[in-house]
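Have a look at the structure below, then the notes.
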Amino acid sequence: MPIFQQHTFLSNKKLQWKLILRCLQILQNYSSTDLKKQFYLNQYIKWIQKARSRLIIRINFLSLPWFVGFFDSEGCISCQRVSQSFRFIIKITQSDPALLIEICNKLQIGHINKERQNIYYWGVTSRKDLPKLISIFKKYPLKSEKLIQWKKF
Numbered sequence: 001m002p003i004f005q006q007h008t009f010l011s012n013k014k015l016q017w018k019l020i021l022r023c024l025q026i027l028q029n030y031s032s033t034d035l036k037k038q039f040y041l042n043q044y045i046k047w048i049q050k051a052r053s054r055l056i057i058r059i060n061f062l063s064l065p066w067f068v069g070f071f072d073s074e075g076c077i078s079c080q081r082v083s084q085s086f087r088f089i090i091k092i093t094q095s096d097p098a099l100l101i102e103i104c105n106k107l108q109i110g111h112i113n114k115e116r117q118n119i120y121y122w123g124v125t126s127r128k129d130l131p132k133l134i135s136i137f138k139k140y141p142l143k144s145e146k147l148i149q150w151k152k153f
């Protein structure tokens, strides 16, 4: 698929994608009576499942457009009432903290917290961090319904 040749995956999704492409090749002229193909297909399915649980190794590819796209799909914008005031939270939740640490280091804003067992989040809750985030989202606008949430925020 041309889009993924030009804009490759940058995490453990890269391995999953390669395995899926290989499965698609096996499925060409597939017949349920072809036991050899069925064996290989089952093996690839196991490898894809294993690849999903692989930890992400140090990432040095992060760019601002990539971050905005990632936030568009994985991020959360919310406001909570705390006593007499409101508290805003902008966060991304993941099971592997490596990617979140890389985001925090790249942007130089936010913090990483453990939400519960095997769930971590990078969050921005400080007003001093907002100008940087605003400038990023102005330069590289969100594309999904998060754009509406961001504008309301």
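Taken in order, the sequence shown gives residues 1 to 153; the numbers are from the UniProt record's numbering. We put the beta carbon where it would ideally sit given N, CA and C, even for glycine.
Buried versus exposed call for residue i [16 or more other C-beta atoms within 10 Å across all chains shown]
i: P65; result: exposed
i: Q94; result: buried
i: L147; result: exposed
i: P97; result: buried
i: F67; result: buried
i: I89; result: exposed
i: I92; result: buried
i: F86; result: exposed
i: F153; result: exposed
i: V124; result: buried
i: L24; result: exposed
First through last residue of the alpha helix (DSSP H) which encompasses residue i
i: F137; result: L130 to K139
i: N113; result: Segment H111 to R116 is the beta strand (DSSP E) holding N113; no alpha helix (DSSP H) there.
i: S152; result: Per the sequence shown, residue 152 should be read as Lys rather than Ser. Where K152 is concerned, the enclosing alpha helix (DSSP H) stretches over K146 to K152.
i: K106; result: P97 to L107
Range covered by the beta strand (DSSP E) that runs through residue i
i: S85; result: S85 to Q94
i: S78; result: G75 to V82
i: Y120; result: I119 to V124
From the options, residue whose alpha carbon lies closest to that of residue i
i: E74; options: L99, F88, V82 and R81; result: L99
i: E145; options: I77, Y44 and Y120; result: I77
i: K18; options: T33, D34 and I45; result: I45
i: Y121; options: R127, V82 and I101; result: I101
If we count Cβ pairs, one from each stretch, closer than 8 Å, do we get three or more for the region 28-37 versus the region 94-107?
no
Quick check: the region 38-51 against the region 108-124, are there 3 or more CB pairs under 8 Å?
no
Along the chain, which unbroken stretches of the beta strand (DSSP E) at least 3 residues long are found entirely within the region 12-52?
none
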